[in-house]
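Student:
Residue numbers (this note's numbering): 1458 to 1702.
1. Straight-line CA distance for residue 1461 to residue 1483?
2. Nearest-angstrom Cα distance between residue 1699 and residue 1558?
3. Strictly by DSSP, which residues pair up with residue 1628?
4. Can you tell which of 1645, 1504, 1613 and 1630 has its C-alpha closest to the C-alpha of residue 1673?
5. Is there contact between the region 1571-1578 and the region 1530-1547, where contact requires at least three CB pairs shorter than 8 Å?
6. Classify residue 1668: buried if its beta carbon has 16 or more other beta carbons within 10 angstroms, exposed otherwise.
7. Do three or more CB pairs link the region 1539-1546 to the region 1505-1518 at distances below 8 Å?
8. Between residue 1529 and residue 1682, what straight-line distance do the alpha-carbon atoms span, to the nearest angstrom?
9. Per the DSSP calculation, residue 1606 is bridged to which residue(s)?
10. Going by other Cβ atoms of all chains shown within 10 Å of its Cβ, with 16 needed for buried, is residue 1693 buried or exposed?
11. Are the Cβ atoms of residue 1648 and residue 1684 separated by less than 8 Å?
12. Any idea what DSSP makes of residue 1554, helix, strand or coil?
13. Relative to the C-alpha of residue 1593, which residue among 1701, 1635 and 1520 is closest?
14. If I measure Cβ to Cβ from residue 1553 and keep anything under 7 Å in the same chain, skipping five residues before and after, which residues do I get?
15. From the DSSP output, which residues share a beta bridge with residue 1507?
16. Within 10 angstroms of the Cβ of residue 1526, are there 16 or more other Cβ atoms? Answer buried if so, exposed if not.
17. Based on Cα-Cα distance, which residue from 1633, 1509 and 1515 lies nearest to residue 1485?
18. Could you give the residue range of the beta strand (DSSP E) that holds residue 1577?
19. Using only the alpha-carbon positions, how far apart do residue 1473 and residue 1487 sit?
20. Does the beta-carbon distance from residue 1540 to residue 1562 come in below 8 Å?
21. Can you tell me which of 1524, 1617 and 1653 puts its alpha carbon nearest to the alpha carbon of residue 1610?
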(Lines of atoms letter the chains of each structure in order from A and count residues from 1; the text may use other names and numbers.)
(Lines give C-alpha, C1' and ligand atoms only; values in the text may rest on other atoms or scores of the structure.)
Protein backbone atom coordinates (compact mmCIF):
# COMPACT_ATOMS: atom_id res chain seq x y z
CA UNK A 1 0.00 0.00 0.00
CA UNK A 2 1.44 3.32 -1.07
CA UNK A 3 1.93 6.01 1.51
CA UNK A 4 0.06 9.22 0.87
CA UNK A 5 2.01 12.44 1.11
CA UNK A 6 0.93 16.04 1.35
CA UNK A 7 2.87 18.59 -0.63
CA UNK A 8 3.13 21.96 1.02
CA UNK A 9 4.03 24.85 -1.23
CA UNK A 10 6.58 27.50 -0.32
CA UNK A 11 3.73 30.04 -0.20
CA UNK A 12 1.88 27.93 2.39
CA UNK A 13 5.02 27.65 4.51
CA UNK A 14 5.57 31.40 4.29
CA UNK A 15 1.99 32.10 5.39
CA UNK A 16 2.36 29.67 8.29
CA UNK A 17 5.60 31.38 9.36
CA UNK A 18 3.81 34.73 9.37
CA UNK A 19 0.82 33.56 11.40
CA UNK A 20 2.11 30.65 13.51
CA UNK A 21 0.97 30.29 17.12
CA UNK A 22 3.63 31.70 19.44
CA UNK A 23 3.24 28.85 21.91
CA UNK A 24 3.05 25.56 19.96
CA UNK A 25 4.60 26.99 16.76
CA UNK A 26 2.75 24.32 14.75
CA UNK A 27 -0.48 25.84 13.41
CA UNK A 28 -1.69 29.37 12.59
CA UNK A 29 -2.88 31.61 15.41
CA UNK A 30 -6.61 32.20 15.72
CA UNK A 31 -7.17 34.46 18.72
CA UNK A 32 -4.54 37.05 19.55
CA UNK A 33 -1.15 35.29 19.33
CA UNK A 34 -2.29 31.73 19.91
CA UNK A 35 -4.12 28.97 18.06
CA UNK A 36 -6.26 27.73 20.94
CA UNK A 37 -7.34 28.37 24.51
CA UNK A 38 -4.97 25.60 25.59
CA UNK A 39 -1.97 27.34 24.02
CA UNK A 40 -3.02 30.70 25.45
CA UNK A 41 -3.28 29.16 28.92
CA UNK A 42 0.07 27.42 28.53
CA UNK A 43 1.76 30.69 27.60
CA UNK A 44 0.01 32.56 30.43
CA UNK A 45 1.36 30.06 32.95
CA UNK A 46 4.89 31.24 32.13
CA UNK A 47 4.13 34.76 33.34
CA UNK A 48 5.97 36.88 34.00
CA UNK A 49 8.03 35.79 31.04
CA UNK A 50 9.05 36.27 27.42
CA UNK A 51 8.04 34.43 24.25
CA UNK A 52 10.31 35.00 21.27
CA UNK A 53 8.52 36.05 18.10
CA UNK A 54 10.06 34.44 14.96
CA UNK A 55 11.65 36.90 12.55
CA UNK A 56 9.28 36.03 9.71
CA UNK A 57 6.18 36.42 11.86
CA UNK A 58 3.64 39.14 11.06
CA UNK A 59 3.98 40.49 14.61
CA UNK A 60 7.77 40.80 14.24
CA UNK A 61 7.34 42.64 10.94
CA UNK A 62 4.69 44.98 12.36
CA UNK A 63 6.76 45.98 15.39
CA UNK A 64 9.97 46.35 13.39
CA UNK A 65 8.12 48.58 10.92
CA UNK A 66 6.68 50.73 13.73
CA UNK A 67 10.19 51.09 15.18
CA UNK A 68 11.53 52.20 11.79
CA UNK A 69 8.69 54.58 10.89
CA UNK A 70 8.71 56.22 14.33
CA UNK A 71 12.50 56.71 14.44
CA UNK A 72 12.10 60.24 12.98
CA UNK A 73 15.76 61.21 13.18
CA UNK A 74 17.35 62.28 9.93
CA UNK A 75 21.04 62.40 10.89
CA UNK A 76 21.23 58.88 12.34
CA UNK A 77 19.94 55.89 10.41
CA UNK A 78 17.43 53.65 12.16
CA UNK A 79 19.26 50.51 13.39
CA UNK A 80 18.02 47.04 12.36
CA UNK A 81 15.78 45.02 14.70
CA UNK A 82 17.23 41.62 15.58
CA UNK A 83 14.79 40.09 18.09
CA UNK A 84 11.23 40.64 19.31
CA UNK A 85 9.66 39.06 22.39
CA UNK A 86 6.03 38.98 23.47
CA UNK A 87 5.81 39.89 27.15
CA UNK A 88 3.58 37.59 29.18
CA UNK A 89 2.36 39.64 32.15
CA UNK A 90 0.53 38.08 35.07
CA UNK A 91 -3.24 37.83 34.77
CA UNK A 92 -3.65 39.96 37.89
CA UNK A 93 -1.58 42.75 36.31
CA UNK A 94 -3.54 42.57 33.06
CA UNK A 95 -6.86 42.63 34.95
CA UNK A 96 -5.87 45.85 36.73
CA UNK A 97 -4.90 47.46 33.44
CA UNK A 98 -8.12 46.43 31.75
CA UNK A 99 -10.22 47.67 34.69
CA UNK A 100 -8.48 51.06 34.49
CA UNK A 101 -8.89 51.22 30.70
CA UNK A 102 -12.59 50.36 31.00
CA UNK A 103 -13.14 53.05 33.63
CA UNK A 104 -11.49 55.65 31.39
CA UNK A 105 -13.58 54.47 28.44
CA UNK A 106 -16.78 54.76 30.51
CA UNK A 107 -15.96 58.43 31.15
CA UNK A 108 -14.58 59.37 27.72
CA UNK A 109 -16.51 57.19 25.22
CA UNK A 110 -13.50 57.05 22.89
CA UNK A 111 -14.75 54.04 20.93
CA UNK A 112 -17.69 56.11 19.68
CA UNK A 113 -15.25 58.33 17.78
CA UNK A 114 -13.39 55.40 16.21
CA UNK A 115 -10.57 55.15 18.76
CA UNK A 116 -9.55 52.22 20.91
CA UNK A 117 -11.12 51.81 24.34
CA UNK A 118 -9.68 54.36 26.75
CA UNK A 119 -7.86 55.97 23.80
CA UNK A 120 -5.26 53.21 24.10
CA UNK A 121 -1.99 53.78 22.23
CA UNK A 122 1.23 51.84 21.63
CA UNK A 123 4.25 53.78 22.93
CA UNK A 124 7.99 53.22 23.30
CA UNK A 125 9.95 53.23 26.55
CA UNK A 126 13.71 53.11 27.00
CA UNK A 127 15.24 52.35 30.38
CA UNK A 128 18.26 50.91 32.21
CA UNK A 129 19.43 47.32 31.71
CA UNK A 130 22.02 45.64 33.96
CA UNK A 131 21.97 42.25 32.22
CA UNK A 132 21.77 40.58 28.80
CA UNK A 133 18.02 40.00 28.81
CA UNK A 134 16.79 39.62 25.24
CA UNK A 135 20.23 39.32 23.64
CA UNK A 136 21.25 35.98 22.11
CA UNK A 137 18.02 34.39 23.29
CA UNK A 138 18.44 35.18 27.00
CA UNK A 139 14.97 35.20 28.58
CA UNK A 140 15.78 34.84 32.29
CA UNK A 141 15.31 37.93 34.44
CA UNK A 142 18.18 39.11 36.60
CA UNK A 143 17.92 39.87 40.33
CA UNK A 144 19.29 43.41 40.19
CA UNK A 145 16.96 45.99 41.72
CA UNK A 146 18.49 48.65 39.44
CA UNK A 147 17.85 46.68 36.25
CA UNK A 148 14.69 48.58 35.46
CA UNK A 149 14.10 46.58 32.28
CA UNK A 150 13.70 43.32 34.21
CA UNK A 151 11.76 45.05 36.99
CA UNK A 152 9.25 46.58 34.57
CA UNK A 153 8.63 43.30 32.75
CA UNK A 154 8.25 41.38 36.02
CA UNK A 155 6.09 43.83 37.97
CA UNK A 156 5.14 46.57 35.42
CA UNK A 157 5.96 50.30 35.53
CA UNK A 158 6.56 52.50 38.53
CA UNK A 159 6.16 56.26 38.36
CA UNK A 160 9.38 58.14 37.65
CA UNK A 161 10.12 60.97 40.09
CA UNK A 162 12.50 63.02 37.97
CA UNK A 163 10.50 63.88 34.86
CA UNK A 164 9.66 67.30 33.48
CA UNK A 165 5.95 66.75 34.12
CA UNK A 166 6.15 65.30 37.61
CA UNK A 167 5.96 61.76 38.94
CA UNK A 168 4.55 59.61 36.14
CA UNK A 169 5.22 56.94 33.52
CA UNK A 170 7.01 58.48 30.54
CA UNK A 171 6.60 57.03 27.05
CA UNK A 172 6.94 58.29 23.47
CA UNK A 173 5.64 57.55 19.98
CA UNK A 174 9.18 58.33 18.75
CA UNK A 175 11.52 55.33 18.98
CA UNK A 176 14.60 57.56 18.74
CA UNK A 177 13.45 59.45 21.84
CA UNK A 178 13.22 56.21 23.82
CA UNK A 179 16.55 55.05 22.43
CA UNK A 180 18.10 58.16 23.98
CA UNK A 181 16.69 57.10 27.36
CA UNK A 182 18.20 53.60 27.17
CA UNK A 183 21.23 52.82 29.34
CA UNK A 184 23.10 49.51 29.27
CA UNK A 185 25.47 48.96 32.22
CA UNK A 186 26.53 45.51 30.98
CA UNK A 187 28.43 44.68 27.79
CA UNK A 188 25.86 43.52 25.25
CA UNK A 189 25.73 43.25 21.45
CA UNK A 190 22.18 44.65 21.36
CA UNK A 191 20.13 47.47 22.85
CA UNK A 192 16.64 47.00 24.30
CA UNK A 193 13.37 48.92 24.12
CA UNK A 194 9.85 48.26 25.38
CA UNK A 195 6.72 48.73 23.29
CA UNK A 196 3.83 49.28 25.69
CA UNK A 197 0.12 49.78 25.59
CA UNK A 198 -0.85 53.03 27.29
CA UNK A 199 -4.27 54.42 28.17
CA UNK A 200 -3.90 57.94 26.84
CA UNK A 201 -7.40 59.12 27.79
CA UNK A 202 -7.75 62.86 27.16
CA UNK A 203 -4.25 64.25 27.29
CA UNK A 204 -3.39 67.90 27.89
CA UNK A 205 -0.14 69.82 27.59
CA UNK A 206 0.13 70.49 31.34
CA UNK A 207 -0.72 68.30 34.35
CA UNK A 208 -3.70 69.90 36.14
CA UNK A 209 -5.25 67.99 39.00
CA UNK A 210 -7.88 65.47 38.02
CA UNK A 211 -6.57 64.62 34.53
CA UNK A 212 -5.20 61.25 33.48
CA UNK A 213 -2.24 62.13 31.26
CA UNK A 214 -0.07 64.81 29.69
CA UNK A 215 0.93 64.91 26.03
CA UNK A 216 4.01 66.99 25.21
CA UNK A 217 3.97 67.37 21.42
CA UNK A 218 6.65 68.43 18.95
CA UNK A 219 6.96 72.21 18.65
CA UNK A 220 7.77 75.17 20.83
CA UNK A 221 11.38 74.03 21.16
CA UNK A 222 10.57 70.31 21.49
CA UNK A 223 11.93 67.96 18.82
CA UNK A 224 10.12 64.84 20.00
CA UNK A 225 6.94 63.91 21.85
CA UNK A 226 6.26 62.44 25.28
CA UNK A 227 3.14 60.91 26.79
CA UNK A 228 3.00 60.86 30.60
CA UNK A 229 0.39 58.91 32.56
CA UNK A 230 -0.08 59.18 36.31
CA UNK A 231 -1.69 55.88 37.26
CA UNK A 232 0.46 52.76 37.61
CA UNK A 233 -2.38 50.86 35.93
CA UNK A 234 -2.41 53.09 32.82
CA UNK A 235 0.48 51.31 31.07
CA UNK A 236 1.69 47.76 30.55
CA UNK A 237 4.74 46.55 28.60
CA UNK A 238 3.67 44.41 25.64
CA UNK A 239 6.84 43.66 23.68
CA UNK A 240 10.59 43.67 24.18
CA UNK A 241 12.47 44.74 21.07
CA UNK A 242 16.22 44.12 20.59
CA UNK A 243 18.16 46.16 18.06
CA UNK A 244 21.69 47.00 17.04
CA UNK A 245 23.45 49.96 18.71
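Beta carbons: idealized from backbone N, C-alpha and C, even for Gly.
Tutor: For this structure:
1. Looking up residue 1461 in the chain shown gives position 4. Looking up residue 1483 in the chain shown gives position 26. Note that residue 1461 has pLDDT 49, beneath the 50 cutoff, so the model's placement of it is unreliable and no number is given.
2. On the chain shown, residue 1699 is found 242 positions in, with the first residue counted as 1. On the chain shown, residue 1558 is found 101 positions in, with the first residue counted as 1. The straight-line gap from Cα to Cα measures roughly 28 Å.
3. Residue 1628 sits at position 171 when you count from the first residue of the chain shown. Paired residues: 1684.
4. Counting from one through the chain shown, the residue named residue 1673 turns up at place 216. It is 1630.
5. no
6. The residue you call residue 1668 lines up with position 211 of the chain shown. With fewer than 16 Cβ atoms within 10 Å of its Cβ, residue 1668 is classed as exposed.
7. yes
8. Counting from one through the chain shown, the residue named residue 1529 turns up at place 72. Counting from one through the chain shown, the residue named residue 1682 turns up at place 225. C-alpha separation (whole angstroms): 11 Å.
9. Taking the first residue of the chain shown as position 1, residue 1606 is located at position 149. Paired residue(s): none; residue 1606 is not in a bridge.
10. Counting from one through the chain shown, the residue named residue 1693 turns up at place 236. Buried: at least 16 other Cβ atoms inside 10 Å.
11. Walking along the chain shown from the start, residue 1648 turns up at place 191. Walking along the chain shown from the start, residue 1684 turns up at place 227. No, these two residues do not count as a Cβ contact at 8 Å.
12. Residue mapping note: residue 1554 aligns to position 97 of the chain shown, counting from 1. Here residue 1554 sits in helix by DSSP.
13. Residue numbering aside, residue 1593 sits at position 136 when the chain shown is read from its first letter. Comparing Cα-Cα distances from residue 1593 to each of 1701, 1635 and 1520, the minimum goes to 1701.
14. Residue 1553 sits at position 96 when you count from the first residue of the chain shown. So the qualifying residues of the chain are 1690.
15. Start at 1 with the first residue of the chain shown, and residue 1507 comes out as number 50. DSSP output for residue 1507 lists 1544 as bridge partner(s).
16. As a first step, residue 1526 must be located in the chain shown, where it is residue number 69. It counts as exposed.
17. For the purposes of this step, residue 1485 is identified with residue 28 of the chain shown, where counting begins at 1. Among 1633, 1509 and 1515, the Cα nearest to that of residue 1485 is on 1515.
18. Mapped onto the chain shown, residue 1577 falls at position 120. Segment 1577-1582, the beta strand (DSSP E) holding residue 1577.
19. Here residue 1473 corresponds to residue number 16 of the chain shown, with the count starting at 1. Here residue 1487 corresponds to residue number 30 of the chain shown, with the count starting at 1. The alpha-carbon atoms of residue 1473 and residue 1487 are separated by roughly 12 Å.
20. For the purposes of this step, residue 1540 is identified with residue 83 of the chain shown, where counting begins at 1. For the purposes of this step, residue 1562 is identified with residue 105 of the chain shown, where counting begins at 1. For residue 1540 and residue 1562, no; Cβs fall outside 8 Å.
21. Numbered from its first residue, the chain shown carries residue 1610 at position 153. Residue 1653 is the option with its Cα nearest to residue 1610.
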